[in-house]
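2 protein chains.
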Amino acid sequence: MDGVRSRQREQTRRTLLREGRRLFTERGYGTVGLAEIVAAADVTKGALYHHFESKGDLFREVLREVQGEVAARVAATADAEDDPWDRLLAGCRAFLAASTAPDVQRIMLVDGPAVLGWAEWRAMDEAASARHLVDALTGLMELGTIAPRPVEPLAHLLSGAMNEAALWLAGSAHPDRDLDDAWSALARMLEAFRAR
Amino acid sequence: MDGVRSRQREQTRRTLLREGRRLFTERGYGTVGLAEIVAAADVTKGALYHHFESKGDLFREVLREVQGEVAARVAATADAEDDPWDRLLAGCRAFLAASTAPDVQRIMLVDGPAVLGWAEWRAMDEAASARHLVDALTGLMELGTIAPRPVEPLAHLLSGAMNEAALWLAGSAHPDRDLDDAWSALARMLEAFRAR
DNA sequence: CCCTTTCACATACCGTCGGTATGTCAAGTA
DNA sequence: TACTTGACATACCGACGGTATGTGAAAGGG
Numbered sequence: 047m048d049g050v051r052s053r054q055r056e057q058t059r060r061t062l063l064r065e066g067r068r069l070f071t072e073r074g075y076g077t078v079g080l081a082e083i084v085a086a087a088d089v090t091k092g093a094l095y096h097h098f099e100s101k102g103d104l105f106r107e108v109l110r111e112v113q114g115e116v117a118a119r120v121a122a123t124a125d126a127e128d129d130p131w132d133r134l135l136a137g138c139r140a141f142l143a144a145s146t147a148p149d150v151q152r153i154m155l156v157d158g159p160a161v162l163g164w165a166e167w168r169a170m171d172e173a174a175s176a177r178h179l180v181d182a183l184t185g186l187m188e189l190g191t192i193a194p195r196p197v198e199p200l201a202h203l204l205s206g207a208m209n210e211a212a213l214w215l216a217g218s219a220h221p222d223r224d225l226d227d228a229w230s231a232l233a234r235m236l237e238a239f240r241a242r
Numbered sequence: 047m048d049g050v051r052s053r054q055r056e057q058t059r060r061t062l063l064r065e066g067r068r069l070f071t072e073r074g075y076g077t078v079g080l081a082e083i084v085a086a087a088d089v090t091k092g093a094l095y096h097h098f099e100s101k102g103d104l105f106r107e108v109l110r111e112v113q114g115e116v117a118a119r120v121a122a123t124a125d126a127e128d129d130p131w132d133r134l135l136a137g138c139r140a141f142l143a144a145s146t147a148p149d150v151q152r153i154m155l156v157d158g159p160a161v162l163g164w165a166e167w168r169a170m171d172e173a174a175s176a177r178h179l180v181d182a183l184t185g186l187m188e189l190g191t192i193a194p195r196p197v198e199p200l201a202h203l204l205s206g207a208m209n210e211a212a213l214w215l216a217g218s219a220h221p222d223r224d225l226d227d228a229w230s231a232l233a234r235m236l237e238a239f240r241a242r
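In structure tokens form, the structure reads like this:
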């Protein structure tokens with residue numbers, strides 16, 4: 047183990063993921079061919095199919111990577127806050143900021159559901175990100191900070207709102223102003239669920 | 047005009063749109079081939095390319111049809127209400143209900159942005175549906191019913207929330223209960239923007 | 001140290017797909 | 001009736017995703 051063999055293997059795999067991610071981001075899953083990816087990674091299709099089961103499988107692993115990075119950034123930002131309510135706000139804001147990156151947009155928000163199907167995409171998002179949102183909301187209900195109500199539909203509404211807002215923000219002509227406005231509106235939405 | 051020629055033409059076109067819509071709904075844009083579509087429509091590829099510029103163009107016209115139907119149902123439901131605030135609520139609720147249909151899900155919500163790109167998808171949605179949401183919100187601000195604030199970010203947040211909620215509802219094990227819960231949460235979100 | 005096995009690829013190939021160029025024949029027109 | 005137009009059908013092409021097989025270097029045992 048850990049010899050020349052496995053090191054080279056890991057590098058090839060990482061190169062394929064990196065170039066795949068770059069090309070999927072730039073031109074979209076449908077229009078980029080495997081030939082381009084393996085050329086950019088300076089390997090052949092044999093190598094790609096040795097590491098991944100299919101084009102869709104490569105995309106799935108790329109998506110997993112992107113989701114992991116977003117989740118990590120959101121978690122890091124949220125955990126910097128002490129108050130649970132502030133953690134929720136900080137997490138949402140961090141998600142909004144992170145999701146305006148081109149690779150997150152195209153891979154995670156646009157192509158993801160279409161390539162893998164909405165159900166699988168949802169399951170992956172749940173495991174990476176949405177779970178934390180559900181946990182945060184549940185915790186705040188137990189604390190009495192927000193009024194008790196079914197968590198899932200609320201989480202989906204908020205998640206969908208943030209996804210669409212991020213896509214809109216990425217194409218905005220006045221990103222700073224629009225981000226402020228969107229955040230203001232989102233914050234008011236969240237505020238609406240605080241117990242009175 | 048209006049002879050045998052143009053009547054046959056219109057029928058062929060409508061058949062292609064109908065079968066394309068059905069297959070795109072059942073199996074998704076990426077996995078259905080033109081050969082299947084033309085076989086189902088009982089014509090050849092020559093006919094398809096005589097009516098549409100490409101596979102993507104056929105999809106675009108199918109999407110336009112779906113969006114038009116959703117918009118019409120929403121508008122009809124909303125217009126049945128007299129009070130502007132009630133019109134907004136009724137419209138949102140009608141959108142939520144209409145968007146759980148399989149063809150709306152797959153074509154409008156999942157494949158649409160990926161196939162045409164988010165920007166074009168957004169523009170089409172704007173022209174068909176979102177425009178009414180913006181108009182309703184603007185009108186309510188002018189009436190003083192909801193507090194003045196930038197309309198666009200709010201509209202995007204609400205639109206995204208409803209889209210994601212609809213996708214979630216479609217796969218729900220308890221559709222009635224979940225629809226009620228989702229609507230309850232969405233209504234509270236809307237309520238949050240009423241002037242105090 | 002050598003022989004064997006393993007494995008991380010490379011090469012060659014296949015069926016299918018979206019797209020196009022061209023042919024055809026009936027409906028329209030003068 | 002002679003001619004034109006148009007709504008397709010037919011035949012074909014390059015490119016794509018996927019697979020079967022070959023290969024040479026690294027790992028492992030005696």
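Going down the list, the protein sequences come from chains B and E. For the first sequence, our numbering puts the final residue at 242, and the numbers step up evenly by one. For the second sequence, our numbering puts the final residue at 242, and the numbers step up evenly by one. Quick reminder that beta carbons are idealized off the backbone N, C-alpha and C, glycines included. All values reported here derive from a predicted model rather than from experimental measurement.
Residue burial classification, residue i (beta-carbon count within 10 angstroms, cutoff 16)
i	result
H96 (chain B)	exposed
D48 (chain E)	exposed
R67 (chain E)	buried
A174 (chain B)	buried
A252 (chain B)	Since the first residue shown for chain B is 47 and the last is 242, residue 252 (chain B) is missing from the structure and cannot be characterised.
Test item: CB-CB of residue i and residue j under 7 Å
i	j	result
V112 (chain B)	V150 (chain B)	yes
R177 (chain E)	A238 (chain B)	no
N209 (chain E)	G206 (chain B)	yes
L134 (chain B)	A182 (chain B)	yes
P130 (chain E)	D227 (chain B)	no
T146 (chain B)	A93 (chain B)	no
P159 (chain E)	V156 (chain B)	yes
H180 (chain B)	A201 (chain B)	It should be pointed out that residue 180 (chain B) corresponds to Val in this sequence rather than to His. Going by C-beta atoms, V180 (chain B) is nearer than 7 Å to A201 (chain B).
Interface residues of chain E facing residue i [CB-CB closer than 7 Å]
i	result
L232 (chain B)	L203
D224 (chain B)	P199
G190 (chain B)	What G190 (chain B) touches in chain E: nothing, since even the nearest Cβ is about 17 Å away.
Alpha carbon of residue i to alpha carbon of residue j, nearest angstrom
i	j	result
H220 (chain B)	R139 (chain B)	18 Å
R152 (chain E)	R223 (chain B)	33 Å
M187 (chain E)	A193 (chain E)	6 Å
R64 (chain E)	R51 (chain E)	20 Å
F70 (chain B)	L62 (chain B)	12 Å
R240 (chain E)	L189 (chain E)	11 Å
V197 (chain E)	T184 (chain E)	7 Å
M170 (chain E)	R55 (chain B)	45 Å
Y75 (chain E)	R168 (chain E)	18 Å
D143 (chain B)	A212 (chain B)	Residue identity differs from the one stated: residue 143 (chain B) is Ala in this sequence, not Asp. If you take the alpha carbons of A143 (chain B) and A212 (chain B), they lie about 8 Å apart.
T191 (chain B)	D132 (chain B)	11 Å
A117 (chain E)	L203 (chain B)	21 Å
W229 (chain E)	A136 (chain B)	26 Å
L7 (chain B)	R60 (chain B)	Nothing about residue 7 (chain B) can be read from this structure; chain B reaches only from 47 to 242.
R73 (chain B)	L225 (chain E)	37 Å
Contact set between residue i and chain B, taken where Cβ atoms lie within less than 8 Å
i	result
W214 (chain E)	R168, E198, P199, H202
Proximal chain E residues relative to residue i, where beta-carbon distance stays under 8 Å
i	result
R195 (chain B)	D227, S230, A231
A238 (chain B)	R234, M235, E237, A238
A165 (chain B)	G217
G76 (chain B)	G76, A160, V161
Listed by chain order, chain B residues near residue i by CB distance under 7 Å
i	result
G185 (chain E)	Within chain B, no residue comes near G185 (chain E); the closest Cβ sits about 18 Å away, beyond 7 Å.
P159 (chain E)	V156
G206 (chain E)	G206, A207, N209, E210, A211
**Request:** Specify whether the stretch 83-91 of chain B and the stretch 122-140 of chain B touch according to this definition: at least 3 beta carbon pairs, one from each stretch, less than 8 Å apart.
**Result:** The stretch 83-91 of chain B, when compared against the stretch 122-140 of chain B, does not touch it at the 8 Å Cβ threshold.
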